[in-house]
Amino acid sequence: MKFVFRKATKKDIPTLGRMMREVWEAMEQKEWFAQYDAEKYITDLFNTRKGDVWQATDPITRQVAGIFIATYPGRGNENLGYDIGLSDPELSLVAHMDTIVVHPLYRGQGLQQKLTALAEQDLCSQGFRYFMCTVHPDNKYSKGNMEKQNYKVVKEALKYGGLPRLIFLKIVPQP
Numbered sequence: 001m002k003f004v005f006r007k008a009t010k011k012d013i014p015t016l017g018r019m020m021r022e023v024w025e026a027m028e029q030k031e032w033f034a035q036y037d038a039e040k041y042i043t044d045l046f047n048t049r050k051g052d053v054w055q056a057t058d059p060i061t062r063q064v065a066g067i068f069i070a071t072y073p074g075r076g077n078e079n080l081g082y083d084i085g086l087s088d089p090e091l092s093l094v095a096h097m098d099t100i101v102v103h104p105l106y107r108g109q110g111l112q113q114k115l116t117a118l119a120e121q122d123l124c125s126q127g128f129r130y131f132m133c134t135v136h137p138d139n140k141y142s143k144g145n146m147e148k149q150n151y152k153v154v155k156e157a158l159k160y161g162g163l164p165r166l167i168f169l170k171i172v173p174q175p
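Numbering (full-length UniProt numbering), first residue to last: 1 to 175.
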């Protein structure tokens, strides 16, 4: 199946938020995904310019099939670089591969990997070099997808109010 990939804009926020809620509500293992008000979260990212959203859309149904959110924590306390001891200058080069959501109708199409690769390419062009994310230890799907894309587990920690998470890292060399 072919998809249309693009960076989302503010006008996409209601659709993205609705899709994220639908996927979360259908999840059996809700602790795998830190729930929040998706529309508010995405709106805040756009307004503060601390993140971007990429989406994959089914060109026939025009349904959003997948969403990828990357955030730019800078030197904020939430920067996963602190968890692994990155130096102060390196912290500004960290991008969080924050949220990946694939609608159940489109699973098995490789969207998580395609969206991650698209985001990585864009983030590299912006100067980011440390790509980090967290995955629930039991989420074999996301864990496997990140490992296929050369992310390595560098630490296990309690995050997001005490939830167990594996911290993944991928370092991209400077061109």
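Each residue gets a CB set at the ideal place from its N, CA and C atoms; glycine is no exception.
C-alpha gap between residue i and residue j, whole angstroms
i: glycine 127; j: phenylalanine 5; result: 22 Å
i: histidine 136; j: leucine 163; result: 8 Å
i: isoleucine 42; j: glycine 110; result: 24 Å
i: glutamate 120; j: lysine 114; result: 10 Å
i: threonine 71; j: tyrosine 82; result: 15 Å
i: asparagine 139; j: proline 89; result: 32 Å
i: valine 94; j: aspartate 37; result: 24 Å
i: aspartate 160; j: cysteine 133; result: The residue asked about is misnamed: residue 160 is tyrosine in this sequence, not aspartate. The straight-line gap from Cα to Cα measures roughly 13 Å.
i: threonine 61; j: phenylalanine 3; result: 11 Å
i: asparagine 77; j: glutamate 147; result: 26 Å
i: glutamate 25; j: arginine 107; result: 16 Å
i: arginine 21; j: tyrosine 141; result: 19 Å
i: valine 153; j: threonine 116; result: 17 Å
i: arginine 129; j: valine 23; result: 30 Å
i: isoleucine 100; j: glutamine 149; result: 14 Å
i: glycine 49; j: serine 125; result: Glycine is not the amino acid found at residue 49; the sequence shown has arginine there. If you take the alpha carbons of arginine 49 and serine 125, they lie about 16 Å apart.
Residue i and residue j closer than 8 Å at C-beta
i: tyrosine 151; j: leucine 123; result: no
i: valine 102; j: phenylalanine 131; result: no
i: aspartate 98; j: isoleucine 69; result: yes
i: leucine 158; j: lysine 143; result: no
i: glutamate 39; j: proline 73; result: no
i: lysine 7; j: aspartate 58; result: no
i: arginine 75; j: serine 87; result: no
i: asparagine 145; j: glutamine 174; result: no
i: leucine 105; j: glutamine 55; result: no
i: histidine 96; j: leucine 118; result: no
Inter-residue CB distance, residue i and residue j (contact presumed, cutoff 8 Å)
i: lysine 155; j: isoleucine 84; result: 6 Å
i: phenylalanine 46; j: lysine 11; result: About 10 Å separates the two Cβ atoms, so there is no contact after all.
i: valine 64; j: methionine 19; result: 5 Å
Scan the stretch 7-94 and note each continuous alpha helix (DSSP H) run of 4 residues or more that stays entirely inside, going in chain order. For secondary structure counted as the alpha helix (DSSP H) over 4 or more consecutive residues, the stretch 7-94 holds these complete runs in sequence order: 13-26, 38-48, 88-91.
Within the stretch 124-158, ranges of the beta strand (DSSP E) (whole runs, at least 3 residues): 130-135
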